[in-house]
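First up is the structure itself, then whatever we jot down about it.
Protein chains in written order, with the working numbering: chain A, 3 to 201; chain B, 42 to 234.
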């Protein structure tokens with residue numbers, strides 16, 4: 003039951019882009035076309051889940067016992083950068099077709115604040131799902147990361163669909179490009195606000 | 042570019058938010074009030090200036106292949122420094138800005154300036170560039186904060202001039218996107234003149 007609450011809350015109620023403002027730059031950058039948005043969503047899903055699990059373990063079994071938690075920021079960003087590089091190499095070797103699909107997005111992900119944001123959130127924040135507030139355990143952290151990144155994908159794919167429609171319409175000069183995109187996201191965020199009573 | 046130009050370019054010509062469209066996450070997330078926007082801008086400026094100085098010093102000796110990881114470590118070091126300083130001296134501010142202080146590491150403005158400016162220019166110019174872009178970012182965040190605070194809570198810098206609550210949506214997520222979108226329109230309109 004609690005797992006279900008985590009999933010619904012991470013995808014809809016606290017959507018990572020529309021409610022937490024993480025990963026807005028790539029969200030704006032690659033949502034011009036539905037196909038690139040889908041590719042990016044896949045890559046982000048993969049990296050966020052993997053990075054959260056790895057940084058969670060590093061924090062628990064390395065930084066906390068040694069009293070080095072103040073190095074979290076540096077340690078996490080290095081781990082994420084190394085991980086992204088490794089995923090790229092491994093993917094190229096074992097699944098060239100997947101690499102073809104996700105490849106160009108992978109280097110961009112290192113500087114996607116959604117990855118670092120989720121990793122830091124999971125180890126520093128207490129979450130409330132149903133019962134009392136508590137720190138997530140490894141399993142919950144993995145589910146939370148996966149659900150959050152699915153929420154990212156959902157928002158991005160929905161938005162890419164809208165943006166494709168938008169590009170065919172006649173928009174006033176000053177609104178062209180990003181301004182109208184931001185306003186559209188604002189209206190979308192307003193719609194997502196409707197979920198806020200669920201969990 | 043003249044020294045004066047370096048310091049003022051962040052306001053209009055190379056405004057990090059409206060022209061370069063970088064660092065959107067803190068821009069949207071921390072501008073719930075004018076004061077929060079100002080604080081976030083100053084925090085980013087601190088990291089920007091110091092990392093620009095150090096990177097312009099070490100750039101000639103850093104091998105090309107590993108320059109991005111090296112820059113990220115330099116930036117992360119200053120962010121950690123900032124985190125510790127803020128926890129010690131301004132714990133309230135640290136609490137309000139929360140996650141977005143460590144996330145300065147992945148703010149594309151900082152890495153962007155390191156890559157595009159500090160690695161190719163002298164220490165003095167890089168410091169001025171950090172100050173200039175920092176000022177641009179701080180002013181923009183404060184302006185967005187002011188607009189959202191007026192609409193959302195009917196106050197400016199905590200000084201309340203309208204009784205009651207205001208339009209709560211502008212303090213929450215949707216308002217951030219809407220205000221940024223419309224301010225961008227306004228900026229485009231005025232810049233075209």
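Quick reminder that beta carbons are idealized off the backbone N, C-alpha and C, glycines included.
Remember, predicted model here, so these are calculated numbers, not experimental data.
Contact set for residue 201(B): own chain, Cβ-Cβ below 8 Å, skip 5 residues either direction: As a first step, residue 201(B) must be located in the second chain, where it is residue number 160. Result list for residue 201(B): 194 and 195, in chain order.
Coil, strand or helix - residue 147(B) by DSSP: In the second chain, counting from the first residue as 1, residue 147(B) sits at position 106. Of the three classes helix, strand and coil, the one that applies to residue 147(B) here is helix, per DSSP.
Any chain A beta carbon closer than 8 Å to residue 121(B): As a position in the second chain, residue 121(B) is number 80, starting the count at 1. It does: the Cβ of residue 121(B) has a partner Cβ on chain A nearer than 8 Å.
Partners in chain D for residue 83(A), counting only beta-carbon separations shorter than 7 Å: No chain D is present in this structure, whose protein chains are A and B.
Proximity test, Cβ basis, 8 Å: residue 119(A) and chain B: Locating residue 119(A) in the first chain gives position 117, counting from the first residue. Interface residue, yes.
The alpha helix (DSSP H) enclosing residue 22(A), as first and last residue numbers: Residue numbering aside, residue 22(A) sits at position 20 when the first chain is read from its first letter. Residue 22(A) -> no alpha helix (DSSP H), and no H or E assigned at all.
Residue nearest to residue 27(B) in terms of C-alpha spacing, selected from 190(B), 88(B) and 225(B): Beyond the ends of chain B as shown, which are 42 and 234, falls residue 27(B); an answer cannot be given.
Reduced DSSP category for residue 92(B) - H, G, I as helix; E, B as strand; rest coil: As a working mapping, residue 92(B) is identified with position 51 in the second chain. Note: residue 92(B) maps to helix in three-state DSSP.
Cutoff 8 Å: residue 144(A) Cβ touching any chain B Cβ: On the first chain, position 142 is the one that residue 144(A) refers to. Against chain B, the CB of residue 144(A) has no partner CB under 8 Å away; the residue lies outside that interface.
Residue-level contact to chain B via CB, residue 23(A), 8 Å cutoff: Walking along the first chain from the start, residue 23(A) turns up at place 21. Judged by the 8 Å Cβ criterion, residue 23(A) is in contact with chain B.
Residues that DSSP places opposite residue 163(B) in a beta bridge: As a position in the second chain, residue 163(B) is number 122, starting the count at 1. The partner list for residue 163(B) (beta bridge, DSSP) is empty, contrary to what the question assumes.
Per DSSP, cross-strand counterpart(s) of residue 108(B): Within the second chain, the letter at position 67 stands for residue 108(B). Paired residue(s): none; residue 108(B) is not in a bridge.
Chain-order list of residues whose beta-carbon lies under 8 Å from that of residue 90(A) (same chain, five-residue window excluded): Along the first chain, read from residue 1 onward, the residue named residue 90(A) stands at position 88. Excluding positions up to five away in sequence, the list reads 101, 105, 108 and 109.
C-beta atoms of residue 182(B) and residue 82(B) nearer than 8 Å: Here residue 182(B) is taken as the residue at index 141 of the second chain, counted from 1. Here residue 82(B) is taken as the residue at index 41 of the second chain, counted from 1. Taking the C-beta atoms as reference points, residue 82(B) is found nearer than 8 Å to residue 182(B).
At least 3 beta-carbon pairs within less than 8 Å: the stretch 44 to 51 of chain A vs the stretch 152 to 159 of chain A: yes
Alpha-carbon spacing of residue 113(B) relative to residue 121(B), whole angstroms: On the second chain, residue 113(B) is found 72 positions in, with the first residue counted as 1. On the second chain, residue 121(B) is found 80 positions in, with the first residue counted as 1. The alpha-carbon atoms of residue 113(B) and residue 121(B) are separated by roughly 12 Å.
Residue 129(A), DSSP secondary structure in three states: Here residue 129(A) refers to the residue found at position 127 when the first chain is read from its first residue. Strand, per DSSP.
Assumed close pair residue 97(B), residue 167(B) - CB separation to whole angstroms, cut-off 8 Å: Locating residue 97(B) in the second chain gives position 56, counting from the first residue. Locating residue 167(B) in the second chain gives position 126, counting from the first residue. That pair is a contact at about 4 Å.
Whether residue 61(A) touches residue 125(A) by CB criterion (8 Å): For the purposes of this step, residue 61(A) is identified with residue 59 of the first chain, where counting begins at 1. For the purposes of this step, residue 125(A) is identified with residue 123 of the first chain, where counting begins at 1. In contact: residue 61(A) and residue 125(A) (Cβ atoms closer than 8 Å).
8 Å Cβ cut-off: residues of chain A touching residue 54(B): By one-based count along the second chain, residue 54(B) stands at place 13. Ordered by position in chain A, no residue passes the 8 Å Cβ test against residue 54(B), which lies about 18 Å from the chain.
Interfacial residues, the stretch 156 to 181 of chain A to chain B, with Cβ spacing under 7 Å: 176, 177, 180 and 181
Three-state secondary structure (DSSP) of residue 196(B): Numbered from its first residue, the second chain carries residue 196(B) at position 155. Residue 196(B) falls in the strand class under three-state DSSP.
Cβ contact (3+ pairs, closer than 8 Å) linking the stretch 175 to 186 of chain A and the stretch 68 to 75 of chain A: no
Chain B contact for residue 113(A) (CB, 8 Å cutoff): For the purposes of this step, residue 113(A) is taken as the residue at position 111 of the first chain. The beta carbon of residue 113(A) sits closer than 8 Å to some beta carbon of chain B.
Length of the line joining the Cα atoms of residue 198(B) and residue 105(B): What you label residue 198(B) is simply residue 157 of the second chain in a count that begins at 1. What you label residue 105(B) is simply residue 64 of the second chain in a count that begins at 1. If I take the Cα positions, the gap works out to 45 Å.
Residue 67(B) - containing alpha helix (DSSP H), residue span: Walking along the second chain from the start, residue 67(B) turns up at place 26. 65 to 70 is the span of the alpha helix (DSSP H), which, as asked, contains residue 67(B).
Nearest-angstrom Cα separation, counted from residue 175(B) out to residue 160(B): Translated into the one-based positions of the second chain, residue 160(B) becomes position 119. Translated into the one-based positions of the second chain, residue 175(B) becomes position 134. Spanning the two alpha carbons is a distance of roughly 17 Å.
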